[in-house]
Amino acid sequence: MVFPDYYFFAERCLVNHTIEKKLVNNLDDCELMCYLNDDCVSLNFKKDPEDEEPLHICELNNATHLKYDSEFTTDADFYYRGSKNACDKSPYCKNNATCQSGFTLKGYRCLCPPGFEGEYCEMDTDKCEVFIGKCHMEATCNNTHGSYVCICKSGFIGDRHIVQATVNNIDECKGNHSCHEDANCTNTNGSHVCDCQPGYTGNGQNCTDIDECLTYPDKCHVNALCKNTHGSHVCTCKPGYTGDGRNCTDIDECSEAHTVKMNNCHPNASCTNTQGSYNCSCNPKYIGNGLKC
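Residue numbering for the sequence shown follows this note's numbering, beginning at 486 and increasing consecutively.
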C-alpha cells in the first residue's frame, strides 16, 4: 500500500468511514497503524499542539475520498492521507473475488467467495470435505465448481439437505416432539433433530437466549447502547450521536446548518461542539452560564 503525495491534504478529513481510532506520536506512526490494519486504506491525522503528552488522534478509514467526495470535509485541525488503490489496474482476483487494497507484499489481497481459495481465489475447494454434514446421511455429496450437489441414494427422495425414505416414514416434527419452542425441528428417517434458532444456545431440547450485548460487546458502536432482545439485540446511538447503532457519528449541535436549533445556548453566548455534547459560554461583556447571559 502506497500513500502518494497527491493524496495528501491539509485541513481535510473523511468522515463516516472510521474503523479504528488511536493515539500516536506523529503522522508516520499513524501511517504505520494503517499499514498494519488489513481494512485501512486512508487516515485522518489530528495534531493537537496543546496536548501535554505529545499524542495525537489517528483515525483509520476503510474507504478513500475518491468514492465519497461528499464526506470529504474541511477541518482545519486535520491532515488526510489516502492510499493508491492497487486493485484499479488489473483484475488480479479470480472467480468474482473482491480485490482489497492493503498492506501486503503485492499491495492488495483477494477476498474469496465461498467455495474458492488460494492467493488469487483461483482454486476450487472440495466442498464435500469442507462442509461435511451438509448433505443428509442418505445422500451422496458431489463437488462442483464453486459449490456442491447432494444426490439422494437409491430408495430415498428429497432436496439436497433433507431426505425422506420412500417407505411410510412418520414426520415427528408435525406432531408432538421434544424440540424447544425456540428451536427448529428437522425430521429424519425414523427420528428428528432439534437445533436452537439463531440468537439462542442449547441442545435443541432446551434453548436459552444469548445476551449478545454481553457475549459480543463489539456488535454495537463504542458510542452506542446495546439492548438485548429475544433472540437478537438492538443498537442505538447515545444522545449526541447519530447513526444506525453499528456506526455512530457525533452531532454538531452548534452547526448552523440544522433546520432546527440543536443547542440551548443563549443568543449572547457562543456554542462549542464536543464529543456527544456541546458547551455554552457567554460572549464578552456578558456573564452567566451560557444558557443565560
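Yeah, the Cβ is synthetic: ideal placement off N, Cα and C, and Gly gets one too.
For the alpha helix (DSSP H) holding V615, just list the boundary residues, first then last.
Start and end: K612 to V615.
My output table needs one value for C739: the three-state DSSP class, helix, strand or coil.
Three-state result, C739: coil.
Given a threshold of 16 other Cβ atoms within 10 Å of its Cβ, counted over all protein chains shown, does E544 qualify as buried or as exposed?
Looking at its Cβ environment, which holds 16 or more other Cβ atoms inside 10 Å, E544 is buried.
According to DSSP, is S568 helix, strand or coil?
It is coil, neither helix nor strand.
In chain order, what residues of the same chain lie with their CB nearer than 7 Å to the CB of K638, ignoring the 5 residues before and after it?
Only E623, A624 and T625 meet the Cβ criterion.
Inter-residue CB distance, T503 and V526 (contact presumed, cutoff 8 Å)
Between V526 and T503 the Cβ distance is about 12 Å, and since that is not below 8 Å, they are no contact.
For K777, does the three-state DSSP call read helix, strand or coil?
It is coil, neither helix nor strand.
Please state the DSSP three-state secondary structure of D472.
Residue 472 is absent from the model: the chain starts at 486 and stops at 778.
Between the segment 694-702 and the segment 655-666, do three or more beta carbon pairs fall short of 8 Å?
No: fewer than three Cβ pairs fall under 8 Å.
Run the CB neighbour count on R594, radius 10 Å, all protein chains shown included, and call it buried at 16 or more, exposed below.
With 16 or more other Cβ atoms within 10 Å, it is buried.
For Q682, I'd like the list of residues in its chain whose CB is within less than 8 Å of its CB, leaving aside the five on either flank, ordered along the chain.
Within the same chain, Q682 has close Cβ partners D667, A668, N669, C692 and G716.
Skipping 5 residues on each side, what residues in its chain have a beta carbon closer than 8 Å to that of N748?
Closer than 8 Å at the Cβ level, and outside the excluded window around N748, lie E738, C739, C756, Y763 and C765.
Quick check: the Cα distance between D523 and K777, rounded to an integer number of angstroms?
The alpha-carbon of D523 is positioned some 50 Å away from that of K777.
Assumed close pair S586, C572 - CB separation to whole angstroms, cut-off 8 Å:
S586 to C572, Cβ: 5 Å. Contact.
Quick one: is Y726 buried, meaning 16 or more other Cβ sit within 10 Å of its Cβ, or exposed?
Buried, by the Cβ-count rule.
Provide the residue(s) that pair with L483 in DSSP beta bridges, ordered along the chain.
The question about residue 483 has no answer, for the chain in this structure spans 486 to 778.
Exposure label - E516; buried when at least 16 CB within 10 Å
Label assigned to E516: buried.
T700, DSSP secondary structure in three states:
The DSSP-derived three-state label of T700 is helix.
Helix, strand or coil at S555 according to DSSP, with G and I counted as helix
Reduced to three states, the DSSP call for S555 is helix.
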